[in-house]
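Student: By our numbering, the letter at position 225 of the sequence shown is numbered 476, and the numbering carries on one by one without gaps. Idealized CB from N, CA, C, for every residue including glycine. Sharing a structure below in structure tokens format, with a few things to ask.
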Amino acid sequence: FSLFYFCLTFFVAFDFLFFFLMIRRPPRSTLSSSSAASDVYKRQVLYCVIPPKRAPKEESSDEDSGPQMMGGGPGAADPSRFFNVNFHREFMAKLPETIRNRTKLLLSIDADVEKITNDNDAKRFAVMKKYYEQSLPLMQRRREIIIGEKDVTEEEVKAGFPTEHEGVVKMTEEGSASKTDGDVVGLPNFWLDALKHHVIVNDMISERDEDVLSLVTDVQFVPLENGFSLLFVFPADNEFFTESQISKTVLTKKVFGEEAFDRTIESPITWRDGKDVTVETITKKQTNKAKKGAVRYVSKTEPCDSFFNMFKHHDDPEEMEQYCSMAHAIGKLSRYAVDCVTGIAPDGSSDVEDDEDDEMYGDDEEDEEDSEDEMPAPKRGGAKGGRGGSSSGPGAAAGEKECKQQ
Numbered sequence: 252f253s254l255f256y257f258c259l260t261f262f263v264a265f266d267f268l269f270f271f272l273m274i275r276r277p278p279r280s281t282l283s284s285s286s287a288a289s290d291v292y293k294r295q296v297l298y299c300v301i302p303p304k305r306a307p308k309e310e311s312s313d314e315d316s317g318p319q320m321m322g323g324g325p326g327a328a329d330p331s332r333f334f335n336v337n338f339h340r341e342f343m344a345k346l347p348e349t350i351r352n353r354t355k356l357l358l359s360i361d362a363d364v365e366k367i368t369n370d371n372d373a374k375r376f377a378v379m380k381k382y383y384e385q386s387l388p389l390m391q392r393r394r395e396i397i398i399g400e401k402d403v404t405e406e407e408v409k410a411g412f413p414t415e416h417e418g419v420v421k422m423t424e425e426g427s428a429s430k431t432d433g434d435v436v437g438l439p440n441f442w443l444d445a446l447k448h449h450v451i452v453n454d455m456i457s458e459r460d461e462d463v464l465s466l467v468t469d470v471q472f473v474p475l476e477n478g479f480s481l482l483f484v485f486p487a488d489n490e491f492f493t494e495s496q497i498s499k500t501v502l503t504k505k506v507f508g509e510e511a512f513d514r515t516i517e518s519p520i521t522w523r524d525g526k527d528v529t530v531e532t533i534t535k536k537q538t539n540k541a542k543k544g545a546v547r548y549v550s551k552t553e554p555c556d557s558f559f560n561m562f563k564h565h566d567d568p569e570e571m572e573q574y575c576s577m578a579h580a581i582g583k584l585s586r587y588a589v590d591c592v593t594g595i596a597p598d599g600s601s602d603v604e605d606d607e608d609d610e611m612y613g614d615d616e617e618d619e620e621d622s623e624d625e626m627p628a629p630k631r632g633g634a635k636g637g638r639g640g641s642s643s644g645p646g647a648a649a650g651e652k653e654c655k656q657q
């Protein structure tokens, strides 16, 4: 018996020592040392995040519960109501008579408000159309100057000269004649420069697109009662397509009082042979497995990124919305085209920077912890072309991106 009690005492003491060492050991899930109590708290928080199971509610028929109003109405939690064309009629039929009469009055009030809103929209469009027609002679004069059809007169230059510059700034500078004389007609590449001023539109323009857009003589933004039309005017004998103008019409609709894109109408573009900038020819090399050394080259035409894809019809809702928004932005840009060419107008970079900031500075705490725990390995040598400094940082990343694009 004494031997038995001795062994029992030894095993109890060993188990107690082993348990004491285990609870003092830091948890494996963390990199830093922590107490066993902190690990318990973590488990409690994790457990609390899991929602408790709820007992299923007993289904009750509509006849027993009776109709309810609005949020708790019949079928309020059933998504199939959106596909039921008779839901409104069935909903109104289940309401008590007094509630149904009040609801009908609210519907009548909504109809009256919608009528007033439609009348206001019609009057607003009439005013917009009136001022658009008044601006047409000025837009025509702008087109004549751009294409060099009629040059500016001295009276027009004096009329446009700011009064605060009189006696301070000279109308002409010495030697200016040598800078502007020659065979230059109008304002070359005016619309191409205006479009490329906007960073988002500029990203849509390829090198092949620039050759076509350099021929644009006018860009018109025509307001419609339920949308707008964007027109690009070209010389009738241009080398790229047979049309003298191409257009994209965007029709809108009201969705709960807000304007939304409905559908688009694009004018067809008849490209001349080998001039379609929306496609590219890719040549691939193929080898004959049966005959050694036999090689053939196969060429096929594939779609490519182009500014003129905006004038194609897009069935995908996201693509349609993207190109409709771009057409609307170009339409507003056309009103202040000279401000874009001279650099006065905003270039849209603020919108891009806001999006980049949202992506760069996220709210993910795990990303912040990873950035603190894992330090990037330093690169050997300085930035290429620099003065030996470190190549890390946003500026270096932007420089690398520019080099790749070049």
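Measure how close the beta-carbons of E517 and K563 come, nearest whole angstrom, since I'm counting them as under 8 Å.
Tutor: About 6 Å separates the two Cβ atoms, so the contact holds.
Student: Tell me where the beta strand (DSSP E) around T500 begins and ends.
Tutor: Counting along the chain, the beta strand (DSSP E) containing T500 begins and ends at Q496 to V506.
Student: In terms of residue numbering, what span does the alpha helix (DSSP H) encompassing I360 cover?
Tutor: Where I360 is concerned, the enclosing alpha helix (DSSP H) stretches over E348 to I398.
Student: Which residue from E553, A373, F507 and D444 puts its Cα closest to that of T361?
Tutor: Strictly speaking, residue 361 in this sequence is Asp, with Thr absent from that position. When each option's Cα is compared against that of D361, the closest is F507.
Student: Taking D460 as part of the alpha helix (DSSP H), name the residues at either end of that continuous run.
Tutor: First-last of the alpha helix (DSSP H) with D460: E458 to L464.
Student: By a C-beta neighbour count over all protein chains shown, 10 Å radius and 16 as the cutoff for buried, is D469 buried or exposed?
Tutor: Under this definition D469 is a buried residue.
Student: So, at 6 Å on beta carbons, what are the nonlocal neighbours of Q471 in its own chain, with the 5 sequence-adjacent residues on each side left out?
Tutor: Answer for Q471: L482, listed in chain order.
Student: What is the DSSP secondary structure of F492, reduced to helix, strand or coil?
Tutor: In this structure, F492 counts as strand in the three-state DSSP scheme.
Student: Consult DSSP for F261 and reduce its assignment to one of helix, strand or coil.
Tutor: In this structure, F261 counts as helix in the three-state DSSP scheme.
Student: Tell me the residue span of the beta strand (DSSP E) that contains K535.
Tutor: That run of the beta strand (DSSP E) goes V530 to T538.
Student: Following the continuous alpha helix (DSSP H) through D444, name the residue where it begins and the one where it ends.
Tutor: Its alpha helix (DSSP H) spans residues F441 to H448.
Student: Quick one: using the 10 Å Cβ neighbour count with 16 as the cut-off for buried, is H339 buried or exposed?
Tutor: With fewer than 16 Cβ atoms within 10 Å of its Cβ, H339 is classed as exposed.
Student: For T529 and F559, which I take to be in contact (beta-carbon distance under 8 Å), what is that distance rounded to the nearest angstrom?
Tutor: Right, the Cβ-Cβ distance comes to about 5 Å (below 8 Å), so this counts as a contact.
Student: Helix, strand or coil for Y587? Go by DSSP, reduced to three states.
Tutor: Here Y587 sits in coil by DSSP.
Student: Where does G478 fall in DSSP's three states?
Tutor: Residue state, collapsed to three classes: strand.
Student: Leaving out five residues on either side along the sequence, give the residues of the same chain with a beta carbon under 7 Å from the beta carbon of T503.
Tutor: Cβ neighbours of T503 beyond the five flanking positions: N477, G478, E510, A511, F512 and D513.
Student: Just reading off the beta strand (DSSP E) that E509 is part of, what are its end residues?
Tutor: Looking at the DSSP string, the run of the beta strand (DSSP E) that includes E509 is E509 to E517.
Student: Could you tell me if C258 is buried or exposed, where buried requires 16 or more neighbouring beta carbons within 10 angstroms of its beta carbon?
Tutor: Classification of C258: exposed, given that the 10 Å Cβ count is below 16.
Student: Excluding the five sequence neighbours on either side, which residues of its own chain have a C-beta within less than 7 Å of the C-beta of G399, listed in chain order?
Tutor: Once the five neighbours on either side are set aside, the close Cβ partners of G399 are V436 and G437.
Student: Considering only the beta carbon of each residue, do A445 and A541 sit closer than 7 Å?
Tutor: For A445 and A541, no; Cβs fall outside 7 Å.
Student: Looking at the structure shown, is S576 part of a helix, part of a strand, or coil, going by DSSP?
Tutor: If DSSP states are grouped into helix, strand and coil, S576 belongs with the helices.
Student: Would the stretch 545-552 and the stretch 578-596 be scored as touching if the rule is three or more Cβ pairs under 8 Å?
Tutor: No, they do not touch.
Student: For L389 and P597, I'd like the C-alpha separation in whole angstroms.
Tutor: So the alpha carbons of these two residues sit roughly 23 Å apart.
Student: For a test of the three-state rule: what should DSSP assign to D566, helix, strand or coil?
Tutor: Three-state result, D566: coil.
Student: Distance, Cα to Cα, R523 vs E490?
Tutor: About 7 Å.
Student: If you draw a straight line from the C-alpha of F342 to the C-alpha of R353, how long is it?
Tutor: The straight-line gap from Cα to Cα measures roughly 14 Å.
Student: What residues in its chain sit with their C-beta under 8 Å from that of P486, if we drop five residues either side in the sequence?
Tutor: Correct list, in chain order: L466, T468 and S495.
Student: Starting from the Cα of I533, find the closest Cα among D566, S601 and C555 and give me that residue.
Tutor: Closest by alpha carbon: C555.
Student: Go ahead and pull the three-state DSSP assignment for K401.
Tutor: Correct three-state label for K401: coil.
Student: If we count the other Cβ atoms within 10 Å of its Cβ and call it buried at 16 or more, is F441 buried or exposed?
Tutor: Buried.
Student: Out of V452, E570 and E348, which one is the CA nearest neighbour of C591?
Tutor: It is V452 whose Cα lies nearest to the Cα of C591.
Student: Using DSSP bridges, identify the partner residues of F469.
Tutor: At residue 469 the sequence reads Asp, which differs from the Phe that was named. Bridge partners of D469: V484.
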